[in-house]
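S.K.: Dropping the structure in here first, questions after.
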Ligand SMILES: [Zn+2]
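Numbering (this note's numbering), first residue to last: -3 to 462.
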């Protein structure tokens, strides 16, 4: 009997990741446990699996309070990777700013607790910080949603200098704005905050064909801080582990590499570390002019294609495939979906903010599969629990991906997707790194902390080493 993707088996991995292990944010003990669990399973399958470590800044726990002058508490959560306030908290006049727009920013935010919808990103973040506000109360914009646990580029926030930030639900935020007091007291404390190690899990499976190229299949095993990360991305990891079993048992024609990355939610840190290692090796090898003349390939050259699984598990919602690279990748997914009568939204050369971006930046094309409905299942909040997921939900998308891999990755004699990026894809990828996630391989320690009035000079960011 042929081996087939089993939703039941994948679901069992998802249960361990979310129920037994729980929150797994980048650099935490939970993430390390998840990585060992995945590695041990790969080994059990007979794959040569290893952990690869890289430096990352993390804290285990954080607590925040926000109080009015009359002492009433406003429910809030600390923004992950926010800097802490002094132990007694900070009491400052507050000011409302409508949104992340340059016209909202001027001297009036200096040394105040700023209340606003959403939060700042990219260049505006830098401008915001230049006024050295005392704190930020970020009201999330979607109704009926628990505290959002993360915004992309949190390490970039540290680099610029983090302002102590708490997140409010829309409902609590509107109530606060309805009667905004003159001052607010914000207190944020973090525990076990340090430069620590994150880890990736890497396992190789040799293909029957003699070619030395590699197809990478990846998923991120970390969750947002404090959340169990079931759909995002326990489900993707569970599916990947099940794919590893299927292919280890049935064998593959092309070489496969299974990777689960850490630290995705705090700025694709695991993928960054992995690709940087390949890039350094590539640069080193190609210093020797004979290398390419002799037709040799670096480990980076050998990676031909990436399949990324990020957000999986629910039966409700809709499946998506987001491609970056040659238009035949999107065409293949559309044709198969049509043939299988499987509803699949295919988006071509569109940024998918996940581990694939690092590979795309290095010129490796990708397809990212996911199950949409982020808001419905409480994405990036404590509500992203296994209740939204089922064995059926995992099998529904898993079997479709299995068919696609079988046809377009394993069965074709000549690999169908060239390692080329059309201009539009190239631009989308580069722009993403410019605005959302500055491409910097260094970890920044929180040298620029909140400074009480009178000591406003900004200290230079200290680079972490490990
Ligand atoms: Zn994710």
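Beta carbons are placed, not taken as given, at the ideal position from N, Cα and C, and that holds for glycine.
Run the proximity test for residue 372: is its beta-carbon closer than 8 Å to any non-hydrogen atom belonging to ligand 1?
M.R.: Not so, every heavy atom of ligand 1 lies at least 8 Å from the Cβ.
S.K.: Report the rounded CA-to-CA distance for residue 318 versus residue 214, giving the unit in angstroms.
M.R.: Rounded to the nearest angstrom, the two C-alpha atoms are 14 Å apart.
S.K.: By how many angstroms is the C-alpha of residue 262 removed from the C-alpha of residue 140?
M.R.: Those two C-alpha atoms are separated by around 24 Å.
S.K.: Taking 8 Å as the threshold, find out whether the segment 277 to 297 comes into contact with the segment 326 to 334 through three or more Cβ pairs.
M.R.: Touching, no, given that fewer than three Cβ pairs across the two stretches are closer than 8 Å.
S.K.: If you compare alpha carbons, which of 203, 176, 254 is closest to residue 89?
M.R.: Looking at the Cα atoms, 176 is the closest of the given residues.
S.K.: Using the C-alpha atoms, what's the distance from residue 191 back to residue 132?
M.R.: Between residue 132 and residue 191, the C-alpha separation is close to 24 Å.
S.K.: Apart from the five residues just before and just after residue 253, which ones in its own chain have a Cβ nearer than 6 Å to its Cβ?
M.R.: For residue 253, where only same-chain residues beyond five positions count, the Cβ hits under 6 Å are 200, 210, 212.
S.K.: Taking Cβ positions, are residue 229 and residue 260 nearer each other than 9 Å?
M.R.: Yes, the Cβ-Cβ distance between residue 229 and residue 260 is below 9 Å.
S.K.: Can you tell me which residues form a DSSP beta bridge with residue 193?
M.R.: Beta-bridge pairing links residue 193 to 51.
S.K.: Quick one: grab the DSSP three-state call for residue 131.
M.R.: The answer is strand: DSSP assigns residue 131 an E or B state.
S.K.: With DSSP as the reference, label residue 59 as helix, strand or coil.
M.R.: Reduced to three states, the DSSP call for residue 59 is strand.
S.K.: How far does the beta strand (DSSP E) with residue 113 in it extend, from its first residue to its last?
M.R.: Segment 109 to 113, the beta strand (DSSP E) holding residue 113.
S.K.: With hydrogens ignored, establish whether the beta-carbon of residue 350 is closer than 8 Å to any heavy atom of ligand 1.
M.R.: The answer is yes for residue 350.
S.K.: With contact counted as at least three CB pairs below 8 Å, one residue from each stretch, are the segment 106 to 114 and the segment 80 to 89 in contact?
M.R.: Verdict: yes, contact present.
S.K.: Quick one: give me the first and last residue of the beta strand (DSSP E) that residue 362 is part of.
M.R.: Per DSSP, residue 362 belongs to the beta strand (DSSP E) from 362 to 367.
S.K.: Roughly how many angstroms separate the alpha carbons of residue -1 and residue 242, rounded to a whole number?
M.R.: Between residue -1 and residue 242, the C-alpha separation is close to 6 Å.
S.K.: Tell me the residue span of the beta strand (DSSP E) that contains residue 301.
M.R.: First-last of the beta strand (DSSP E) with residue 301: 299 to 305.
S.K.: What residue range does the beta strand (DSSP E) around residue 343 cover?
M.R.: Counting along the chain, the beta strand (DSSP E) containing residue 343 begins and ends at 340 to 344.
S.K.: By Cβ distance, which residues of its chain are closer than 7 Å to residue 245, with the 5 residues on each side in sequence left out?
M.R.: Excluding positions up to five away in sequence, the list reads -1.
S.K.: Report yes if the CB atom of residue 365 is closer than 9 Å to the CB atom of residue 334, and no otherwise.
M.R.: Result no, Cβ atoms of residue 365 and residue 334 do not sit closer than 9 Å.
S.K.: Can you tell me whether residue 232 sits near ligand 1, meaning its C-beta is under 8 Å from at least one heavy atom of the ligand?
M.R.: Yes.
S.K.: What do you reckon, is the C-beta of residue 307 under 8 Å from a heavy atom of ligand 1?
M.R.: Yes, the beta carbon of residue 307 sits closer than 8 Å to at least one heavy atom of ligand 1.
S.K.: Under 6 Å Cβ to Cβ from residue 342, same chain only, skipping five residues before and after it: list those, please.
M.R.: Excluding sequence neighbours, residue 342 sits near 317, 326, 329, 330.
S.K.: Between which two residues does the alpha helix (DSSP H) carrying residue 352 extend?
M.R.: From DSSP, the alpha helix (DSSP H) with residue 352 extends over 352 to 357.
S.K.: Indicate the three-state DSSP secondary structure (helix, strand or coil) for residue 45 in the structure shown.
M.R.: Note: residue 45 maps to strand in three-state DSSP.
S.K.: When DSSP labels each residue in this structure, what does residue 175 get in the three-state scheme?
M.R.: Correct three-state label for residue 175: coil.
S.K.: Figure out for me which residue from 348, 227, 83 has the closest Cα to the Cα of residue 183.
M.R.: Looking at the Cα atoms, 83 is the closest of the given residues.
S.K.: Is any non-hydrogen atom of ligand 1 found closer than 8 Å to the C-beta of residue 260, if you look at the structure I gave you?
M.R.: Yes.
S.K.: Is there contact here, the segment 224 to 240 with the segment 34 to 45, by at least three beta-carbon pairs under 8 Å?
M.R.: With the cut-off at 8 Å, the segment 224 to 240 and the segment 34 to 45 touch.
S.K.: Using the three-state DSSP reduction, which class does residue 315 fall into: helix, strand or coil?
M.R.: Strand.
S.K.: Quick one: is residue 216 buried, meaning 16 or more other Cβ sit within 10 Å of its Cβ, or exposed?
M.R.: When all chains shown are included, residue 216 counts as buried.
S.K.: Say yes only if the C-beta of residue 140 is nearer than 8 Å to one or more non-hydrogen atoms of ligand 1, and no if none qualify.
M.R.: The answer is no for residue 140.
S.K.: Of the residues 320, 62, 225, 97, which one's Cα is nearest the Cα of residue 352?
M.R.: Out of 320, 62, 225, 97, 320 has the C-alpha closest to the C-alpha of residue 352.
S.K.: Mind checking whether the beta-carbon of residue 290 lies closer than 8 Å to any heavy atom of ligand 1?
M.R.: False, no ligand heavy atom lies under 8 Å from that Cβ.
S.K.: List the DSSP bridge partners of residue 92.
M.R.: Residue 92 is bridged to 111.
S.K.: Would you tell me roughly how many angstroms separate the C-alpha atoms of residue 61 and residue 276, rounded to the nearest one?
M.R.: Cα to Cα, the separation comes out at about 44 Å.
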